[in-house]
Amino acid sequence: MVAGKGGRVNWLIDFFGNPDNWSGPDGIPVRLLEHLEFSGLSLLLAMLIALPLGLWIGHTGKGALFAILSANAARALPTLGLLVLIVLLMGVGTIVPVLIPLVALAVPPILVNTYEGLRGVDPDLRDAAYGMGLRGSEVLGRVLVPVALPLILLGLRIAAIQVVSTATVAAYVGLGGLGRFIVDGLATKDFPRTIGGAVLVALLALIVQLGFALVQRVMVSPGVSQRQTIR
Amino acid sequence: MIKFDRVTKRYADGTVAVDDLSLEVPTGEITVFVGPSGCGKTTSLRMINRMIDATEGQILLDGVDVKTIDPPTLRRGIGYVIQQAGLFPHRKIVDNVATVPYLLGWDRKKARDRAMELLERVGLDLKMADRYPFQLSGGQQQRVGVARALAADPPVLLMDEPFSAVDPIVRTSLQEELLRLQAELNKTIVFVTHDIDEAIKLGDRVAVLRVGGRLAQLADPPTLLARPADDFVREFLGRDRGIRRLSFVSDEGLRLRADLTVSVSADVSTVRGADESWLAVVDGENRPLGWASVKDLPETGTLADVRLAPYGTFVRGRDSLRGALDAALLSPSGSAIAVDEEGRAEGVATREALDEALGKVAGGVGA
Ligand SMILES: Nc1ncnc2c1ncn2[C@@H]1O[C@H](COP(=O)(O)OP(=O)(O)OP(=O)(O)O)[C@@H](O)[C@H]1O
Ligand SMILES: [Mg+2]
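And the structure:
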């Protein structure tokens, strides 16, 4: 099949313009929801693991080496390979096989950024906080976290974008998600379908990015982001 | 009162930062810890609020061993000011100042009202209250640091080189502000500095520490300047300690001559016969205008027609002998004009009078 520029745009119109693609178990809404389910759940699990651990390590200074080493090890894992291995071991009865590699992907950026964020807080500030009579947990919650928040959110954003784009691998082992359009499209040489799926994933990543920018704006103190507040 | 009783601090690596230190910090006074870098000033200070725990000995706060008090509780009752201010960047200035009141569970409005009152007290524009720390200059941040330390009205204030990161002009104004505040508040203040001039300016008492954390001398500034305990202290005080001592000698003992001031409306003929070569000319309200040289007086007219030479004044009863001497050096006559708080001339301190007063000071050194 030969197509010029216009051809590829036509592919998008073919895909998104086809009402069949918007309904049924293989339609865009269902696949999108599946995709959001994998990604959201993985991210939630990763946060539950990495945030407390990162806060604890950053606050106490204990276990930093362990955290960095295991984060690097986790980064080196090939997501697809891990997924295939888990499917071979567990079968595909549930979505658990997809969650494990995605969580492994999301934990390192959250953990490392949280820990680095806390560790990077000016020691004088920490000192002043203790000197005022704040207790350890108050120093963490009222001073360290608000000041380290930009980095913590950055870790979450990196994790979220990676998870959203990598969740496509679920399709390789027969599970759902937007990856199905890409995989099925390739298998049947239905290129509009493949491109359409890729565009959907990219759009989702973009929305995640914008969402985090918004969260950042709302949650981070202007004093930390040094946004001018004086009119 | 804070009492150090044979306090020693040995760090984990074996460094002895403070060695068998015993001293008392009297209530309501400023006690300055001064000494060269690494002599253990910060360590001594931080043992009071248990940011560091002493290895041996006791620190008693009004008779209670600080080790028996849980650190956060202890610290909420002690103001703490550090060099880099250490303001919370994510909080507005007003909330920074209200930190300890919030911790103590004051209601929000009361804590904020108190914070505003303190911002005013330390000389900050209330417009600053809603700013964030990054929007303030270093000197302003340091003022906020002082206001924050005072917020819950603690009886004790610990200050670790609080003014050393700002430029000299700002530093001087912060020092004066502190003295003014202290005159109103009468806190028990421990102030750490490595600057002996600052120590002498601020301290009711000055503890000079030598490296290894040993107390070399504890005395009030005039005594320290007049009678350093040993060569180390003498060296540390620097070369011009003689002149600096004069800052602590009252000008009360200085003899004044009232007959050397003349009104600007006086006729030259009435003063021509004066036995002094310079006369201090004053206006109708008795305020100094300058010096008239008797031998250069014109033939006729009043003193208003005479070109007057520059003069220096000192406030009688408030400035020190150093102030009087300084005023004398600003005049070609070599004499200083004494004025009252309103700036009205009270008389002239001549070279002879200054000489006599200086002689008494010098005579006191050996005593
Ligand atoms: N945590 C620590 N571990 C080991 N040694 C320390 C520690 N903190 C300080 N010291 C050492 O203890 C001594 C006293 O330190 P301290 O900070 O009290 O000095 P300082 O008088 O405040 O000096 P400066 O004027 O430079 O601030 C120094 O020799 C210092 O190197
Ligand atoms: Mg120090």
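Chains A and B are the protein sequences, given in the same order.
Just so we're aligned: 216 in the UniProt record's numbering is position 216 of the first sequence, and the numbers increase by one with no gaps anywhere.
Just so we're aligned: 222 in the UniProt record's numbering is position 222 of the second sequence, and the numbers increase by one with no gaps anywhere.
Beta carbons are placed, not taken as given, at the ideal position from N, Cα and C, and that holds for glycine.
Margin query: Going by DSSP in three states, A/P19 sits in which element: helix, strand or coil?
Written below: helix
Note to self: If distances are taken between C-alpha atoms only, which option among A/V164, A/I152, A/G174, A/L51 comes closest to A/G93?
What the structure shows: A/G174
Next item on the list: Check each residue of the segment 47-75 of chain B: if its Cβ is closer than 9 Å to any Cβ of chain A, include it; give the result in chain order.
Entry: N49, M51, P71, P72, T73, L74, R75
Margin query: How far does the beta strand (DSSP E) with B/I87 in it extend, from its first residue to its last?
Written below: According to the sequence shown, residue 87 of chain B is Leu rather than Ile. That residue, B/L87, is in no beta strand (DSSP E); it is neither H nor E in DSSP.
Next item on the list: Could you tell me whether any Cβ in chain A is nearer than 8 Å to the Cβ of B/P288?
Entry: no
Note to self: Spatial neighbours of B/R272 within its chain, please: C-beta separation below 8 Å, excluding the five flanking residues on both sides.
What the structure shows: V294, L297
Notebook entry, point to check: Rounded to a whole number of angstroms, what is the C-alpha to C-alpha distance between A/M1 and A/G185?
Noted result: Only weak support is given to the placement of A/M1: the predicted model assigns it a pLDDT of 44, under 50, and the question is left unresolved by the model.
Notebook entry, point to check: When you compare each of B/A199, B/D240, B/S250, B/R50 to B/R318 by their alpha carbons, which one comes out closest?
Noted result: B/S250
Margin query: Which residue wins for smallest C-alpha separation from B/E24, given the options B/S265, B/V122, B/A219?
Written below: B/A219
Check: How about the segment 54-67 of chain A and the segment 204-212 of chain A: do they share at least three Cβ pairs that are nearer than 8 Å?
Finding: no
Check: Can you list, in chain order, the residues of the segment 171-191 of chain B whose Cβ is nearer than 9 Å to any Cβ on chain A?
Finding: none
Notebook entry, point to check: How about B/E198: is its Cβ closer than 7 Å to a heavy atom in ligand 2?
Noted result: no
Notebook entry, point to check: Closest Cβ-Cβ distance between B/I82 and chain A: below 8 Å?
Noted result: yes
Notebook entry, point to check: Would the C-beta of B/D13 count as close to ligand 1, meaning under 7 Å from any of its heavy atoms?
Noted result: yes
Item checked: Neighbouring residues, chain A, relative to B/P133 (Cβ below 9 Å) -> G223
Checklist line | Cβ-based burial, A/G17 [other Cβ within 10 Å; buried from 16] | finding: exposed
Next item on the list: Helix, strand or coil for B/S22, going by three-state DSSP, please let me know.
Entry: strand
Item checked: Within chain B, partners of A/D150 - CB distance below 8 Å -> In the sequence under discussion, the amino acid at residue 150 of chain A is Pro, which differs from the Asp named in the question. Simply none; closest approach about 11 Å.
Check: What is the rounded straight-line gap between the Cα of A/V220 and the Cα of A/P146?
Finding: 7 Å
Check: Nearest to A/A171 by CA position, among A/L118, A/N72, A/P97, A/L12, is which residue?
Finding: A/P97
Check: Helix, strand or coil: which one does DSSP assign to A/G131?
Finding: helix
Notebook entry, point to check: How would you write the range of the alpha helix (DSSP H) that B/M128 sits in, first residue to last?
Noted result: Taken as a continuous stretch (DSSP letters only), B/M128 belongs to no alpha helix (DSSP H), as it is neither H nor E.
Note to self: Taking the alpha-carbon of B/L87 as reference, which of B/Q141, B/K127, B/E117 has the nearest alpha-carbon?
What the structure shows: B/Q141
Next item on the list: For the beta strand (DSSP E) holding B/W278, just list the boundary residues, first then last.
Entry: 278-282
Item checked: Residues near B/R76 in its chain [Cβ-Cβ closer than 7 Å; skip 5 each side] -> V100, L103, L104, A152
Notebook entry, point to check: At what residue ranges does the segment 127-202 of chain B contain a whole run of the beta strand (DSSP E), taking only runs of 3 or more?
Noted result: 156-160, 188-193
Item checked: Below-8 Å beta-carbon distance, B/H90 vs any chain A residue -> yes
Next item on the list: Please confirm whether A/S39 and A/V164 have their CB atoms less than 8 Å apart.
Entry: yes
Checklist line | Beta bridge counterpart(s) of B/R205 as assigned by DSSP | finding: B/T31
Check: Candidates B/D13, B/L303, B/R287: which alpha carbon is nearest B/E341's?
Finding: B/R287
Next item on the list: Name, in chain order, the residues that DSSP records as bridge partners for B/T8.
Entry: B/E56
Next item on the list: Below 7 Å between beta carbons is the criterion; list the residues of the segment 143-175 of chain A that meet it against any residue of chain B, in chain order.
Entry: V143, P146, V147
Notebook entry, point to check: By DSSP, does B/T302 sit in helix, in strand, or in coil?
Noted result: strand
Next item on the list: State yes or no: is the C-beta of B/T8 nearer than 7 Å to some heavy atom of ligand 1?
Entry: no
Margin query: So, for B/S137: in the same chain, excluding its five sequence neighbours on each side, which residues have a beta-carbon less than 7 Å away from its beta-carbon?
Written below: none
Margin query: Once DSSP output is grouped into helix, strand and coil, what is the label at B/G14?
Written below: coil
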